[in-house]
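This note's numbering runs 1 ahead of the 1-based position in the sequence shown.
Ideal Cβ placement from N, Cα and C applies to all residues, glycine included.
The model shown is predicted, which means the values in this text are computed figures rather than measured ones.
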Amino acid sequence: MGVTRLLPRPNTRTKTTKGAQLPKVIAFANQKGGVAKTTTTLNLGVAFKEKGFRVLVVDLDPQGNLTMSQGLNPDEIERSMFDVLVHRLPIEEIIREAEVDVAVSSIDLAGAELALSSMIGRERALEKALVSVKPKYEYILIDTPPSLGLLTINALVASNGVIVPVQCEYLSLRGLVQLENTLSMIRENLNPDVEIEGILPTMFDKRLLHSKEAVDILKENFGDLVFDTKIRKTVRYAEAPVKGMSVLKYDPTGEAADMYRDLAKEVLDGASARQHA
(Lines of atoms letter the chains of each structure in order from A and count residues from 1; the text may use other names and numbers.)
(Lines give C-alpha, C1' and ligand atoms only; values in the text may rest on other atoms or scores of the structure.)
Protein backbone atom coordinates (compact mmCIF):
# COMPACT_ATOMS: atom_id res chain seq x y z
CA MET A 1 0.00 0.00 0.00
CA GLY A 2 2.92 2.32 0.37
CA VAL A 3 1.90 3.33 3.87
CA THR A 4 4.80 2.03 5.91
CA ARG A 5 6.65 5.28 6.50
CA LEU A 6 4.77 6.80 9.43
CA LEU A 7 7.15 7.67 12.21
CA PRO A 8 7.27 5.26 15.14
CA ARG A 9 6.40 6.28 18.63
CA PRO A 10 9.43 7.81 20.36
CA ASN A 11 10.82 6.57 23.65
CA THR A 12 10.26 9.87 25.45
CA ARG A 13 7.18 11.99 25.91
CA THR A 14 6.10 15.18 27.57
CA LYS A 15 5.34 14.32 31.18
CA THR A 16 1.66 13.41 31.43
CA THR A 17 1.04 12.56 35.05
CA LYS A 18 -1.33 14.69 37.10
CA GLY A 19 0.34 17.98 37.98
CA ALA A 20 2.56 17.81 34.90
CA GLN A 21 4.57 20.88 34.05
CA LEU A 22 3.71 20.85 30.37
CA PRO A 23 0.31 20.08 28.84
CA LYS A 24 -0.06 17.39 26.27
CA VAL A 25 -1.45 18.93 23.09
CA ILE A 26 -3.00 16.30 20.81
CA ALA A 27 -4.46 16.91 17.36
CA PHE A 28 -6.98 14.50 15.88
CA ALA A 29 -6.30 14.48 12.18
CA ASN A 30 -7.45 12.67 9.07
CA GLN A 31 -8.28 14.43 5.82
CA LYS A 32 -11.12 11.98 5.29
CA GLY A 33 -14.42 13.01 6.83
CA GLY A 34 -16.72 10.78 8.83
CA VAL A 35 -14.00 8.86 10.68
CA ALA A 36 -15.05 9.92 14.22
CA LYS A 37 -12.53 12.72 14.81
CA THR A 38 -15.06 14.87 16.65
CA THR A 39 -16.51 11.94 18.58
CA THR A 40 -13.03 10.92 19.67
CA THR A 41 -11.88 14.43 20.60
CA LEU A 42 -14.84 15.02 22.89
CA ASN A 43 -15.21 11.60 24.47
CA LEU A 44 -11.51 11.08 25.06
CA GLY A 45 -11.39 14.54 26.62
CA VAL A 46 -14.29 13.69 28.94
CA ALA A 47 -12.63 10.36 29.80
CA PHE A 48 -9.45 12.24 30.73
CA LYS A 49 -11.49 14.61 32.90
CA GLU A 50 -13.06 11.63 34.67
CA LYS A 51 -9.52 10.67 35.65
CA GLY A 52 -8.93 14.09 37.18
CA PHE A 53 -7.13 15.91 34.40
CA ARG A 54 -7.86 19.49 33.38
CA VAL A 55 -8.96 19.38 29.73
CA LEU A 56 -9.55 21.90 26.96
CA VAL A 57 -10.99 20.84 23.61
CA VAL A 58 -10.50 23.13 20.62
CA ASP A 59 -13.04 23.10 17.78
CA LEU A 60 -11.05 23.91 14.67
CA ASP A 61 -13.69 22.67 12.24
CA PRO A 62 -15.96 25.30 10.60
CA GLN A 63 -18.83 22.80 10.78
CA GLY A 64 -18.78 23.29 14.54
CA ASN A 65 -19.75 19.71 15.35
CA LEU A 66 -17.65 19.61 18.50
CA THR A 67 -19.24 22.84 19.69
CA MET A 68 -22.73 21.46 18.95
CA SER A 69 -21.86 18.22 20.74
CA GLN A 70 -21.71 20.21 23.96
CA GLY A 71 -25.10 21.83 23.45
CA LEU A 72 -23.82 25.09 21.97
CA ASN A 73 -25.21 26.57 18.74
CA PRO A 74 -22.42 27.73 16.38
CA ASP A 75 -24.92 30.01 14.60
CA GLU A 76 -25.44 31.99 17.79
CA ILE A 77 -21.77 32.35 18.68
CA GLU A 78 -20.50 35.88 18.08
CA ARG A 79 -16.80 35.28 18.69
CA SER A 80 -15.05 32.02 17.97
CA MET A 81 -11.77 30.43 16.93
CA PHE A 82 -11.94 32.58 13.79
CA ASP A 83 -11.41 35.68 15.91
CA VAL A 84 -8.63 33.97 17.84
CA LEU A 85 -6.70 32.96 14.72
CA VAL A 86 -7.35 35.97 12.50
CA HIS A 87 -7.90 38.88 14.89
CA ARG A 88 -5.62 37.61 17.68
CA LEU A 89 -8.46 37.66 20.22
CA PRO A 90 -7.27 36.00 23.47
CA ILE A 91 -8.50 32.41 23.39
CA GLU A 92 -9.76 32.74 26.96
CA GLU A 93 -12.57 34.95 25.64
CA ILE A 94 -14.11 32.20 23.51
CA ILE A 95 -13.76 29.25 25.89
CA ARG A 96 -17.09 27.96 27.20
CA GLU A 97 -17.49 25.71 30.22
CA ALA A 98 -19.29 22.43 29.55
CA GLU A 99 -18.40 18.82 30.36
CA VAL A 100 -14.92 19.96 29.40
CA ASP A 101 -13.82 23.47 28.48
CA VAL A 102 -14.52 24.17 24.79
CA ALA A 103 -12.82 26.73 22.53
CA VAL A 104 -15.83 27.18 20.28
CA SER A 105 -16.19 27.28 16.50
CA SER A 106 -18.63 29.05 14.19
CA ILE A 107 -19.22 29.11 10.45
CA ASP A 108 -16.95 32.19 10.28
CA LEU A 109 -14.05 29.78 10.67
CA ALA A 110 -14.63 28.73 7.06
CA GLY A 111 -13.02 32.02 6.05
CA ALA A 112 -9.99 31.61 8.29
CA GLU A 113 -7.77 29.89 5.73
CA LEU A 114 -8.23 32.70 3.23
CA ALA A 115 -7.74 35.36 5.89
CA LEU A 116 -4.64 33.64 7.27
CA SER A 117 -3.07 33.02 3.87
CA SER A 118 -1.66 36.54 3.62
CA MET A 119 -0.43 36.73 7.22
CA ILE A 120 3.17 36.28 8.29
CA GLY A 121 3.50 33.29 10.60
CA ARG A 122 0.11 31.96 9.52
CA GLU A 123 1.03 28.37 10.40
CA ARG A 124 1.72 29.32 14.02
CA ALA A 125 -1.44 31.28 14.81
CA LEU A 126 -2.93 28.52 16.98
CA GLU A 127 0.37 27.71 18.66
CA LYS A 128 0.68 31.34 19.77
CA ALA A 129 -2.94 31.49 20.87
CA LEU A 130 -2.53 28.50 23.18
CA VAL A 131 0.47 29.89 25.06
CA SER A 132 -1.65 31.85 27.54
CA VAL A 133 -3.88 28.89 28.51
CA LYS A 134 -1.32 26.10 28.62
CA PRO A 135 -0.64 26.56 32.35
CA LYS A 136 -4.35 25.92 33.06
CA TYR A 137 -4.65 22.52 31.40
CA GLU A 138 -2.98 19.14 31.36
CA TYR A 139 -4.54 18.06 28.06
CA ILE A 140 -5.48 20.22 25.08
CA LEU A 141 -7.27 18.23 22.36
CA ILE A 142 -7.77 19.74 18.90
CA ASP A 143 -10.51 18.65 16.50
CA THR A 144 -9.53 19.39 12.90
CA PRO A 145 -11.51 19.74 9.66
CA PRO A 146 -11.55 16.94 7.05
CA SER A 147 -8.70 18.40 5.00
CA LEU A 148 -4.97 19.03 5.20
CA GLY A 149 -5.35 22.77 4.75
CA LEU A 150 -4.09 25.64 6.86
CA LEU A 151 -6.35 24.95 9.83
CA THR A 152 -5.10 21.38 10.15
CA ILE A 153 -1.53 22.53 9.65
CA ASN A 154 -2.02 25.01 12.51
CA ALA A 155 -3.22 22.14 14.69
CA LEU A 156 -0.24 19.95 13.83
CA VAL A 157 2.23 22.78 14.42
CA ALA A 158 0.69 23.47 17.83
CA SER A 159 0.68 19.82 18.92
CA ASN A 160 3.22 17.39 20.31
CA GLY A 161 1.07 14.37 19.52
CA VAL A 162 -1.32 13.28 16.77
CA ILE A 163 -4.02 10.64 17.01
CA VAL A 164 -5.29 9.43 13.64
CA PRO A 165 -8.82 7.98 13.67
CA VAL A 166 -9.15 5.61 10.72
CA GLN A 167 -12.39 4.04 9.56
CA CYS A 168 -12.06 0.29 9.22
CA GLU A 169 -12.28 0.24 5.43
CA TYR A 170 -9.48 -0.39 2.98
CA LEU A 171 -9.88 2.88 1.07
CA SER A 172 -9.64 4.86 4.30
CA LEU A 173 -6.20 3.42 4.97
CA ARG A 174 -4.71 4.94 1.84
CA GLY A 175 -5.29 8.46 3.13
CA LEU A 176 -2.59 7.85 5.72
CA VAL A 177 0.06 8.39 3.05
CA GLN A 178 -1.01 11.96 2.41
CA LEU A 179 -1.18 12.68 6.13
CA GLU A 180 2.31 11.24 6.59
CA ASN A 181 3.66 13.48 3.83
CA THR A 182 2.14 16.52 5.51
CA LEU A 183 3.58 15.51 8.89
CA SER A 184 7.03 15.03 7.36
CA MET A 185 6.87 18.54 5.92
CA ILE A 186 5.81 19.98 9.25
CA ARG A 187 8.57 18.13 11.11
CA GLU A 188 11.18 19.43 8.68
CA ASN A 189 10.02 23.05 8.60
CA LEU A 190 7.73 23.98 11.48
CA ASN A 191 7.53 21.53 14.39
CA PRO A 192 10.25 18.89 14.75
CA ASP A 193 8.63 17.50 17.92
CA VAL A 194 5.25 16.42 16.58
CA GLU A 195 4.84 12.64 16.66
CA ILE A 196 2.16 10.11 15.89
CA GLU A 197 0.59 9.23 19.23
CA GLY A 198 -1.37 6.39 17.73
CA ILE A 199 -3.73 5.19 15.03
CA LEU A 200 -7.28 4.52 16.21
CA PRO A 201 -9.49 2.05 14.33
CA THR A 202 -13.02 3.48 14.28
CA MET A 203 -16.46 2.40 13.04
CA PHE A 204 -15.35 -1.17 13.56
CA ASP A 205 -18.01 -3.79 12.90
CA LYS A 206 -16.96 -7.11 14.40
CA ARG A 207 -19.55 -8.91 12.24
CA LEU A 208 -17.76 -7.92 9.04
CA LEU A 209 -14.67 -9.68 7.76
CA HIS A 210 -13.74 -6.47 5.93
CA SER A 211 -13.42 -4.58 9.22
CA LYS A 212 -11.15 -7.26 10.66
CA GLU A 213 -9.01 -7.30 7.53
CA ALA A 214 -8.64 -3.51 7.66
CA VAL A 215 -7.37 -3.71 11.24
CA ASP A 216 -4.95 -6.48 10.24
CA ILE A 217 -3.58 -4.28 7.45
CA LEU A 218 -3.13 -1.40 9.88
CA LYS A 219 -1.24 -3.58 12.34
CA GLU A 220 0.86 -5.13 9.59
CA ASN A 221 1.98 -1.69 8.43
CA PHE A 222 2.15 0.26 11.68
CA GLY A 223 2.65 -2.30 14.44
CA ASP A 224 2.24 -0.90 17.95
CA LEU A 225 1.26 2.50 16.59
CA VAL A 226 -2.22 0.98 16.27
CA PHE A 227 -4.20 1.25 19.49
CA ASP A 228 -5.59 -2.00 20.84
CA THR A 229 -8.86 -0.20 21.50
CA LYS A 230 -11.23 -0.31 18.54
CA ILE A 231 -14.19 2.05 18.44
CA ARG A 232 -17.09 -0.12 17.38
CA LYS A 233 -20.23 1.04 15.62
CA THR A 234 -23.10 1.89 17.95
CA VAL A 235 -26.09 4.20 17.70
CA ARG A 236 -25.09 5.84 21.00
CA TYR A 237 -22.43 7.91 19.21
CA ALA A 238 -25.14 9.45 17.03
CA GLU A 239 -27.65 9.92 19.84
CA ALA A 240 -25.39 11.68 22.36
CA PRO A 241 -24.57 14.82 20.27
CA VAL A 242 -28.29 15.37 19.64
CA LYS A 243 -28.63 15.76 23.41
CA GLY A 244 -25.60 18.07 23.50
CA MET A 245 -23.44 15.75 25.55
CA SER A 246 -20.68 13.19 25.39
CA VAL A 247 -21.53 9.52 25.26
CA LEU A 248 -19.93 9.17 28.71
CA LYS A 249 -22.62 11.46 30.13
CA TYR A 250 -25.43 10.23 27.89
CA ASP A 251 -24.92 6.54 28.62
CA PRO A 252 -22.26 6.38 31.34
CA THR A 253 -22.47 2.65 31.97
CA GLY A 254 -22.78 1.59 28.33
CA GLU A 255 -20.32 -0.09 26.00
CA ALA A 256 -19.82 3.09 23.94
CA ALA A 257 -18.60 5.04 26.97
CA ASP A 258 -16.35 2.20 28.09
CA MET A 259 -14.57 2.15 24.73
CA TYR A 260 -13.34 5.70 25.29
CA ARG A 261 -12.42 4.96 28.88
CA ASP A 262 -10.34 2.08 27.54
CA LEU A 263 -8.73 4.41 24.99
CA ALA A 264 -7.94 6.97 27.69
CA LYS A 265 -6.28 4.30 29.79
CA GLU A 266 -4.29 3.09 26.79
CA VAL A 267 -3.12 6.61 25.89
CA LEU A 268 -2.12 7.32 29.49
CA ASP A 269 -0.43 3.94 30.00
CA GLY A 270 1.42 4.29 26.72
CA ALA A 271 2.68 7.74 27.64
CA SER A 272 3.81 6.48 31.05
CA ALA A 273 5.63 3.51 29.50
CA ARG A 274 7.40 5.71 26.97
CA GLN A 275 8.31 8.21 29.67
CA HIS A 276 10.15 5.51 31.64
CA ALA A 277 11.57 3.65 28.66
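*asked:* I'd like the list of long-range same chain contacts for residue 24, defined as Cβ closer than 7 Å, with 5 residues on each side in sequence excluded.
replied: 135, 138, 139, 140, 141
*Looking at the structure shown, is residue 40 part of a helix, part of a strand, or coil, going by DSSP?*
helix
*Evaluate the contact criterion for the region 155-170 versus the region 199-209: three or more CB pairs, one atom per stretch, below 8 Å.*
yes
_One question on the structure: do residue 158 and residue 189 come within less than 8 Å of each other, judged by their Cβ atoms?_
no
_Sequence-distant residues of its chain with Cβ nearer than 6 Å to residue 1 (five each side left out)_ = The chain is shown only over 2 to 278; residue 1 falls outside these bounds and no answer can be derived.
*Are there 16 or more other CB atoms within 10 angstroms of the CB of residue 219, so buried, or fewer, so exposed?*
buried
*What residues in its chain sit with their C-beta under 6 Å from that of residue 57, if we drop five residues either side in the sequence?*
102, 138, 141
*When you compare only the Cα positions, how much space is there between residue 264 and residue 111?*
31 Å
*What do you reckon, are the CB atoms on residue 114 and residue 152 nearer than 8 Å?*
yes
*Can at least three beta-carbon pairs, one atom from the region 252-264 and one from the region 228-242, be found at a separation below 8 Å?*
yes
_DSSP three-state label for residue 121, please._
Here residue 121 sits in coil by DSSP.
*asked:* Determine whether the beta carbon atoms of residue 249 and residue 258 lie at a separation below 8 Å.
replied: yes
_4-residue-minimum alpha helix (DSSP H) runs that sit fully inside the region 56-140, ordered along the chain_ = As far as the region 56-140 is concerned, its whole alpha helix (DSSP H) runs of at least 4 residues are 66-69, 82-87, 113-117, 126-131.
*Drop a sphere of 10 angstroms on the beta-carbon of residue 87, count the other beta-carbons inside from all chains shown, and report buried for 16 or more, exposed for fewer.*
Residue environment: residue 87 is assigned as buried (16 or more neighbouring CB atoms within 10 Å of its CB, all protein chains considered).
*Does the Cβ of residue 63 have 16 or more other Cβ atoms within 10 Å, making it buried, or fewer, making it exposed?*
With 16 or more other Cβ atoms within 10 Å, it is buried.
*Expressed to the nearest angstrom, what Euclidean distance is found between the alpha-carbon atoms of residue 107 and residue 247?*
Their backbone Cα atoms lie some 20 Å apart in a straight line.
*How many angstroms separate the CA atom of residue 89 from the CA atom of residue 32?*
26 Å
*Output yes or no for whether 8 Å exceeds the beta carbon distance between residue 30 and residue 156.*
It is a contact, given that the beta carbons lie within the stated cut-off.
*Which word fits residue 74, buried or exposed, when buried means at least 16 other C-beta atoms lie within 10 angstroms of its C-beta?*
exposed
_Tell me the DSSP secondary structure of residue 5 in three-state form._
Low confidence applies here, because residue 5 scores a pLDDT of 44, under 50, leaving its location unreliable; read the following figure in that light. Residue 5 falls in the coil class under three-state DSSP.
*Would you kindly work out how many angstroms separate the C-alpha atoms of residue 180 and residue 53, rounded to a whole number?*
32 Å
*Quick one: what's got a C-beta closer than 8 Å to residue 146's C-beta in the same chain, skipping five residues either side?*
Cβ within range, chain order: 61, 62, 63, 64, 152, 153.
*What span of residues does the alpha helix (DSSP H) with residue 249 cover, start to end?*
248-251
*Euclidean distance between Cα positions of residue 133 and residue 213*: 44 Å
_Proximity to residue 76 [Cα-Cα], best of 109, 148, 149, 268_ = 109
*Smallest Cα separation from residue 196: which of 222, 162, 185?*
162
*Helix, strand or coil for residue 168, going by three-state DSSP, please let me know.*
strand
*asked:* How far does the alpha helix (DSSP H) with residue 153 in it extend, from its first residue to its last?
replied: In this chain, the alpha helix (DSSP H) harbouring residue 153 covers 151-159.
*Leaving out five residues before and five after residue 193 in sequence, what residues of the same chain have Cβ atoms less than 6 Å from its Cβ?*
There are no such residues.
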